[in-house]
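Chemist: In our numbering, the protein residues as written are 801 to 1766. Got a structure for you, questions after.
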């Protein structure tokens, strides 16, 4: 009879009538996005600590007050804590609810923090469950911790990749999440019924068990009543809908790109990183939580390296962390003790311990924990076994899927490279147009803490194109670009590409007049900082960029035009204009390299640029999940071909820095979520010497890509930024040769040819006479392993080889383009740079190659920078090296002796100069010319002579100098 009566009551009213009370509260603030609840408003005890609790979007704010006695606010209130709760409401009943995005909720929570700070006069302990915890992290970081005393989270995932529910492979999940965000959530709202069913399906065994237990006890009303409100909350009343834009943001930023962990998630065009957090944090971890998995929750330790992070590990599932007997008896009492400890009252409980790196539990331990937790019921034992078997399978699937995903990303790029013909339309402007059409709202640039989308950048490029047309710029015209690294510089280069003009990239502070004369550029686009230098060349100057506070210190006239003052809407496009007309065979860029009498002009076609761009994206496995930090300047081939080219071809975000500032680099790497850093030559030396990244300091960087890094600096970089690696490129300007050290295991090596680039050969070469060595038939002889030879690349059929090309190298009529460099190839097929053809030191004992010398010297710990060159004196040519010493280090002759033993005696320099400093160029290349002009051949304790008799370096005395010059 009792069973029938209770069952009828459940059918009629959805549950049993109970007298469990809710905690009293008042709505202290009501806004469009939220209502701010203040619990127990009649308690006006002064000086109480303040807690602000944040629910996840899919769960009602009542989660913190399931019952007066055992709920969160009741327990915390009795402990003397002033409780406030965010209530986002249901999107189904709030105005504009279904259009809410992630930023709306973060900004709403930030506003609520300001309100509580103002009303109470105290900072808040910010607490959040599940996604509410994610909101707590994001909002505190967005505010740089202002008004937040500590953060407490419950099952809040941070490193989504490390802890996807049920061990699913991230590659598979990210592809599905990306599709759902783009094509499903913008059309289909997630209702409360869908949320309820979804959560119940996540743990069907537990759901079925709870319902069966309820039916078994339906006759015992007194046994059911204490848990009735909690049951009804989970069954029906506790769920609310989820706005599609907010869900899409969640999937895009934190599942696909994992930016809560890496940094660089975007709140209203502002990049944010959890590295901004400096307040104490405690994270509650559910050992059997399949949603906020322990590995994902513990990601906060690495994501917030500047905060003191603690954890509490409980044998609880996702919901059990905040509601139920586990929460009543353990979670909330520990939260109470945490708040009291921070207030200086009481000791820190033993259960709250400093967080350590997550160590995956064994399958046996995981299954055992689950069986104990679920009372070893037969059904749940089977589920634990299924989880273990599923985990084994998922590991295999994960590995194979990630490998296939990498191949899937590489294959279209290589296919597109192979399809490029001389008449194919391909250019920088065209690739940016394609990205804007495919994903207009995807982020492209990050600069000065602001995010620019593909659509915004595309509009800016089109506007600049109209401005250029209005001042008479036409296709194929050579236009100089003299600008610092900034979005306007990239915009100018892209606009010239879209117009079909040729961008002549000029280095600020270089020999501009001569460079302009050599390149034939009669017009220069300059930023305000370089305006005077541009005007000094005598060319016409177009001013672009500079921001809102720009000021021009040169009057505007017919020769100086401010492009920013041109209204693009009033420019009528001429009939000849076609956007992105550039063909593969056509000239796209002109680079100026070298100094003085070695100033050279290098020409890059659209095909050559695309070759490096797609080759870099393939070798570095760049994709839309990456953020590429461009330290390399655009006027350097590494900046143009590798940094910009690789990022655009890979669809990655591009983070720009105003200059090489180690302190700014350390902040922006976290804030932007930088995964790839580009470099040239010794650029990273400044960052390492500044010590802004101590050994073991967590960071999101996975790769450094560039060219010219010395071997010792390479080793220091990989040690400091472990587990990141260095991807060193070599790209010839003439021809289509691109080498890459993809594995990164051989430090100093240039690697092997990138797939899709020109076929390469190493031919025997006489370094003294500059002649190619041939066989009996007159064909070039291929160099043997470890023999120094000239690197050449196969020329395409349409390439004009009249400017230094070779024919009949191996067969009659074949065409090759020689590079300017000499290499050796080891027995594994990897190429090592030996020297430029024109910098080989031709001594009486034979040719001496400079690159092995500088690589060996740079590997000495005290050595800062080094150069090697020829010193001509008294009818003799000496091989000389100069080194500078790192601060607080000492370099001795025996250090040099030991390090150079790796070279043959004939390849060791005759003299070593220890100099105070070695100047560098604008691309951070050590200046051989400057050192060569400064050194003097005279006895000195800082000049060391190689004594071939003792096989050691010794200070140069007058007697030794006389013998040397005999």
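Here a beta-carbon is modelled for each residue, glycine too, at the ideal position from N, C-alpha and C.
#1: May I ask you to list the residues that DSSP assigns as paired with residue 851?
#2: Do residue 1621 and residue 1591 have their C-beta atoms within less than 7 Å of each other?
#3: Looking only at C-alpha atoms, which of 903, 1078 and 1501 sits nearest to residue 1107?
#4: Determine contact between the stretch 1643-1655 and the stretch 1486-1504, defined as no fewer than three beta-carbon pairs at a distance below 8 Å.
#5: What residues in its chain sit with their C-beta under 8 Å from that of residue 931, if we drop five residues either side in the sequence?
#6: In whole angstroms, give me the CA-to-CA distance for residue 985 and residue 1239.
#7: Quick check: what's the CA-CA separation for residue 1089 versus residue 1234?
#8: Can you grab the Cα-Cα spacing for the pair residue 983 / residue 1244, in whole Å?
#9: Tell me which residue opens and which closes the alpha helix (DSSP H) that residue 1652 is part of.
#10: Note down, in chain order, each residue of its chain lying with its Cβ closer than 8 Å to the Cβ of residue 1605, except the 5 sequence neighbours on either side.
#11: Would the stretch 1430-1450 count as touching the stretch 1519-1538 if we require 3 or more Cβ pairs under 8 Å?
#12: Is residue 1255 near the ligand MN - that is, is its Cβ less than 6 Å away from at least one heavy atom of it?
#13: In chain order, which alpha helix (DSSP H) runs of at least 4 residues are fully inside the stretch 1468-1550?
#14: From what residue to what residue does the beta strand (DSSP E) around residue 1694 run?
#15: Going by alpha carbons, who is nearest to residue 1643 out of 1284, 1680 and 1503?
#16: Am I right that residue 1536 and residue 1408 are in contact with their C-beta atoms under 8 Å? What's the rounded C-beta distance?
#17: Using alpha carbons as the reference points, say which of 1559, 1338, 1327 and 1467 lies closest to residue 1073.
#18: Pull up the CB-CB distance for residue 1368 and residue 1263, whole angstroms please, since I reckon it's below 8 Å.
#19: Residue 1094 and residue 1085: beta carbons closer than 7 Å?
#20: Are the stretch 1505-1513 and the stretch 1110-1117 touching, with three or more C-beta to C-beta distances below 8 Å?
#21: Report the three-state DSSP secondary structure of residue 1768 (helix, strand or coil).
#22: Got a sec? Which residues, its chain only, sit under 6 Å from residue 1053 by beta carbon, not counting five neighbours each side?
#23: Quick one: what's got a C-beta closer than 7 Å to residue 1721's C-beta in the same chain, skipping five residues either side?
#24: Can you pull the DSSP bridge partners for residue 1621?
#25: Considering Cα atoms alone, identify which of 1220, 1301 and 1258 is closest to residue 1410.
#26: Among the residues of its own chain, which have a CB less than 6 Å from the CB of residue 1195, if the five just before and after it don't count?
#27: Please report the straight-line C-alpha distance between residue 1416 and residue 1753, rounded to a whole angstrom.
#28: Since residue 852 and residue 913 are thought to touch, with beta carbons under 8 Å apart, how far apart are those beta carbons, to the nearest angstrom?
#29: Exposed or buried, which one is residue 1666 when buried takes at least 16 other CB atoms within 10 Å?
#30: Can you tell me whether residue 1271 is buried or exposed, with buried defined as 16 or more other CB within 10 angstroms of its CB?
#31: Using 7 Å as the threshold, is the C-beta distance between residue 1277 and residue 1315 below it?
#32: I want to know whether the stretch 1294-1308 touches the stretch 1364-1383 - three or more CB-CB distances under 8 Å.
#33: So does the stretch 1541-1557 actually touch the stretch 1622-1640, counting three or more Cβ pairs closer than 8 Å?
#34: What three-state label does DSSP hand residue 1144 in the structure shown?
#35: Pull up the DSSP beta-bridge partners for residue 1684, would you.
#36: Determine the burial state of residue 849: buried for a count of at least 16 other Cβ atoms within 10 Å of its Cβ, exposed for fewer.
Modeler: Taking the coordinates as given:
#1: 883 and 925
#2: Yes. Within cutoff.
#3: 1078
#4: no
#5: 856, 857, 858, 956 and 1050
#6: Taking the CA atoms as reference points, residue 985 sits about 16 Å from residue 1239.
#7: Across the structure, residue 1089 and residue 1234 are spaced so that their CA atoms are roughly 42 Å apart.
#8: 21 Å
#9: 1650-1658
#10: 1595, 1599, 1615, 1616, 1617 and 1618
#11: Judged by pairs of C-beta atoms under 8 Å, the stretch 1430-1450 touches the stretch 1519-1538, as three or more such pairs exist.
#12: The ligand MN is not part of this structure, which contains no ligands at all.
#13: 1483-1490 and 1511-1520
#14: No beta strand (DSSP E) holds residue 1694; the alpha helix (DSSP H) holding it covers 1693-1699.
#15: 1680
#16: 6 Å
#17: Nearest option by C-alpha distance: 1467.
#18: 4 Å
#19: yes
#20: no
#21: Lying outside 801 to 1766, the shown extent of the chain, residue 1768 is not represented and no answer is given.
#22: 1059 and 1065
#23: 1727
#24: 1636
#25: 1220
#26: Low local confidence applies: a pLDDT of 44 at residue 1195 is under 50, so the model's placement there is unreliable, with the coordinate-based value given in what follows. Within the same chain, residue 1195 has no close Cβ partners at all.
#27: 42 Å
#28: 7 Å
#29: buried
#30: exposed
#31: no
#32: yes
#33: yes
#34: coil
#35: BP columns for residue 1684 point to 1665 and 1715.
#36: By the neighbour-count rule (16 or more Cβ atoms within 10 Å), residue 849 is buried.
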